[in-house]
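Visitor:
Chains as they are written, first to last, in my numbering: chain L, 1 to 233; chain P, 234 to 495; chain A, 496 to 789.
Written out as structure tokens, the structure is:
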């Protein structure tokens, strides 16, 4: 019984938008799009406390049991409620730039959140250097092609790299050697990106889109299998 | 014994370096705050203090590159807390309050509409994910939204592929140029032909409905497709390098320019 | 290899401590802050195309019905290194050419907030006023159904701007009847937010063009859309922003950052070369050893 409720609701959920797309405008199915959209949006938004509840469960357990690193959980909970309270306070107090609560918000946002977030992401710069050094080995013809393409792209996208072949630009107006001017790093890079990469990416995109359409159909008709879909109800 | 002596010595050196650097940074920040406090008042002092705190956070995170340490873990947890707190607050202030609560209670001169209470009936179903016994109730909502997404997905795929400027539509490229009654093959046509060949070879690489080994055409084209994919991955690697380095350069700009004033 | 045998130099090449590699990255990226490095670049066609589109809008605004630009700011602090200079360059161009714009985001609340700071800084330079020369609608959390209704009627999901003013009371928005008055959507994103404009909005509104400012990592995946003219122009990472600044004849953070990019790229090429030299020589030694044993 439960399974049939879910199957039918899944089908109805997708049916409206599918019909709205395929039926002509005269069918007036589009009239209700706005209202239905607002309602689904609010229903989706009701899940906003799920993340907070899950985090609280996990981290309060860690604090209570004094597991290693429990003080990090304290910091997490303090930061969570500090940001939430300050955000709501600033909103309801209609704080203007220069107000005390706005300054606290600034501290949390501009001087904690933004720098920590950007810095953690910036660690990737070091990882890619490390990966390029340790793992990028030309063990086959394919790897050699990949390395060559990477080299051209890297040299073509930096000013110093472009400068190496910039002198070829002077041959643009030469009636016989004009084609040599197209061998500059930046031009070859652009050609690689637009034609070679673009075509391959389009091939990948076709596969991905058709795959996603097949998956959408399977989900819509509840034909999909897997640990989530086959879970006992 | 020797190894533990070495480790102890290393730990002592690290501690001394951290203490010296830490003291120097704190002294610099204090002096900076006082200088701006005198120049621009309390706001200037607060601003420089904030910049100092941001700089300390940045340097502590970079200490992870030397070795895993508790400061990095602490800042990581603080980030998660701030992000979740912010997202939760934003969902309330930007989504639920204007689109639901204000309409429900009749805020800003509107007539209260109690029908909006009904939204809580499906809305509360999300929280049954936390119950082991009744988790199937949350599945109703999840699958409903997946169904909605699937229905919308058809539109997305068809419009992306077959619209006037769609991917399939625009894949039909001219491989010859007709002008003034004559036909020519230009560089533009060559690029188009190359584009089509590469695209078909890559597509054939992902074509699993027939066995590649038995069909020589498919075998050849899928092998070529593999090489073309390597070029594609090489370009992705090249651009990824630029992307990742930009993230670090931005932080360096902050440290040198905004913090140290260089 | 026995314990007493010295480790050959090409084996050492493959085993350099990662912390030394990191230190060299830090040192090289810091050099341009003290010693200027040439950063003039060739402008790529996608960047030029986006620049030309805004120039075209500015020209059309002089003679015909005013067209606006919509900045979809779907970027967060983690990708601000690339998206912020791109956004700053585009905003500066629009301020210079008196092209009015709307800021919003359907994915990330941080984007409009950070873009507002940029716009306010640049507004001082060009004497522009909020509400008259630009509007920030802020973050609107929408799902696809709500987005479809936005395409048909902008005001169905927008009631107030970022500062809480009723949207119909904002002077600039009195001239914006619908999304059809928007000629260009510039999407700045770290991932794939451009999809909704290209897939859902553009087929409905034929006159709407889409330009993107993306992180360099995403750049290659945008190329099929540029080829099909679903996206008319692109700023790809920091170099895209630097090229745009060059077209504007200005020197912003992107141009300054390219100095460090130069040396960082060269160092990565060197590390790849070192690693591979060490690898090939090791392999050759192993092959020779096997031959000796045989």
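By construction, the Cβ of each residue, glycine as well, lies at the ideal position given by its N, Cα and C atoms.
1. Does chain A have any CB closer than 7 Å to the CB of residue 24 of chain L?
2. Work out the CA separation of residue 84 of chain L and residue 711 of chain A for me, nearest whole Å.
3. Here's a check: name, in chain order, each residue in its chain whose Cβ is nearer than 6 Å to the Cβ of residue 339 of chain P, leaving out the five neighbours to either side.
4. Is the Cβ of residue 710 of chain A closer than 7 Å to any Cβ of chain P?
5. Less than 7 Å between the C-beta atoms of residue 689 of chain A and residue 707 of chain A, yes or no?
6. So who's on the other strand from residue 597 of chain A, going by DSSP bridges?
7. Using three-state DSSP, classify residue 141 of chain L as helix, strand or coil.
8. Just checking my contact of residue 667 of chain A with residue 595 of chain A at CB under 8 Å: how many whole Å lie between their CB atoms?
9. With 7 Å set as the bound, which would you pick, yes or no: does the beta-carbon of residue 37 of chain L sit closer than that to a beta-carbon of chain P?
10. Starting from the C-beta of residue 239 of chain L, find all residues in its chain whose C-beta is less than 6 Å away, skip the five residues before and the five after it, and write them out in chain order.
11. Using DSSP bridges, identify the partner residues of residue 683 of chain A.
12. Rounded C-beta distance between residue 772 of chain A and residue 523 of chain A? I'm assuming under 8 Å.
13. With 7 Å set as the bound, which would you pick, yes or no: does the beta-carbon of residue 340 of chain P sit closer than that to a beta-carbon of chain L?
14. Assign residue 470 of chain P to one of two classes, buried (16 or more other C-beta atoms within 10 Å of its C-beta) or exposed (fewer than that).
15. Identify each residue in the segment 496-522 of chain A for which the Cβ-Cβ distance to at least one residue of chain L is less than 7 Å, and report them in chain order.
16. Just the C-alpha distance for residue 789 of chain A and residue 137 of chain L, rounded to the nearest angstrom, thanks.
17. Distance check for residue 782 of chain A and residue 501 of chain A, CA to CA, integer angstroms please.
18. Which residues in chain P sit within 7 Å of residue 220 of chain L, going by Cβ to Cβ distance?
19. Looking at the secondary structure, which residues open and close the alpha helix (DSSP H) in which residue 432 of chain P lies?
20. In whole angstroms, give me the CA-to-CA distance for residue 732 of chain A and residue 259 of chain P.
21. So, is the C-beta of residue 242 of chain P closer than 7 Å to a C-beta in chain L?
22. Please confirm whether residue 640 of chain A and residue 37 of chain L have their CB atoms less than 7 Å apart.
23. Taking just the CA atoms, how far does residue 368 of chain P sit from residue 9 of chain L?
24. Between the alpha carbons of residue 730 of chain A and residue 465 of chain P, how many angstroms are there, rounded?
25. Provide the residue span of the beta strand (DSSP E) that contains residue 329 of chain P, from first to last.
26. For residue 717 of chain A, which option in A:683, A:582 and A:552 has the closest C-alpha, if you only look at C-alpha atoms?
27. What would DSSP say about residue 494 of chain P, mapped onto helix, strand or coil?
28. With 16 as the cutoff for other CB atoms within 10 Å, does residue 321 of chain P come out buried or exposed?
29. For residue 654 of chain A, return the contacting residues in chain L, with the cut-off set at a CB-CB distance below 9 Å.
30. Is there a Cβ from chain A that is less than 7 Å from the Cβ of residue 47 of chain L?
31. What is the C-beta distance between residue 203 of chain L and residue 384 of chain P, in whole angstroms, given that I count them as a contact (C-beta under 8 Å)?
32. Quick one: which chain A residues come within Cβ less than 9 Å of residue 410 of chain P?
33. Could you name the residues of the same chain whose beta carbon sits closer than 8 Å to that of residue 550 of chain A, not counting the 5 residues immediately before and after it, in chain order?
34. Can you check whether the C-beta of residue 12 of chain L is within less than 7 Å of a C-beta belonging to chain A?
35. Cβ of residue 91 of chain L less than 7 Å from any chain P Cβ?
Guide: Reading it off the structure:
1. The C-beta of residue 24 of chain L comes no closer than 7 Å to any C-beta of chain A.
2. 33 Å
3. 345
4. yes
5. Result yes, Cβ atoms of residue 689 of chain A and residue 707 of chain A sit closer than 7 Å.
6. Paired residue(s): A:565 and A:630.
7. The three-state reading of DSSP puts residue 141 of chain L in helix, counting H, G and I together.
8. 6 Å
9. no
10. Because chain L in this structure spans residues 1 to 233, residue 239 of chain L falls outside the shown range and cannot be described.
11. A:568 and A:708
12. Contact flag wrong, Cβ pair sits at about 20 Å.
13. Answer no: the Cβ-Cβ gap between residue 340 of chain P and chain L never drops below 7 Å.
14. Classification for residue 470 of chain P: buried.
15. 513, 516, 517 and 520
16. Taking the straight line joining both Cα atoms gives about 27 Å.
17. 19 Å
18. 380, 383 and 384
19. DSSP places residue 432 of chain P inside the alpha helix (DSSP H), whose first and last residues are 420-438.
20. 35 Å
21. no
22. yes
23. Using only the alpha carbons, I get a separation of about 16 Å.
24. The straight-line gap from Cα to Cα measures roughly 19 Å.
25. Where residue 329 of chain P is concerned, there is no enclosing beta strand (DSSP E), given that its DSSP letter is neither H nor E.
26. The shortest C-alpha separation from residue 717 of chain A is found at A:683.
27. Correct three-state label for residue 494 of chain P: coil.
28. buried
29. Neighbours of residue 654 of chain A on chain L: none; closest Cβ ~11 Å, over 9 Å.
30. no
31. Going by Cβ atoms, the distance from residue 203 of chain L to residue 384 of chain P rounds to 27 Å, so no, they are not a contact pair.
32. Result: empty, since nearest Cβ-Cβ is about 18 Å, beyond 9 Å.
33. Taking residue 550 of chain A as the centre and dropping the five residues before and after it, the same chain places the C-beta of 592 closer than 8 Å to its C-beta, in chain order.
34. False, the Cβ-Cβ gap to chain A never drops below 7 Å.
35. yes
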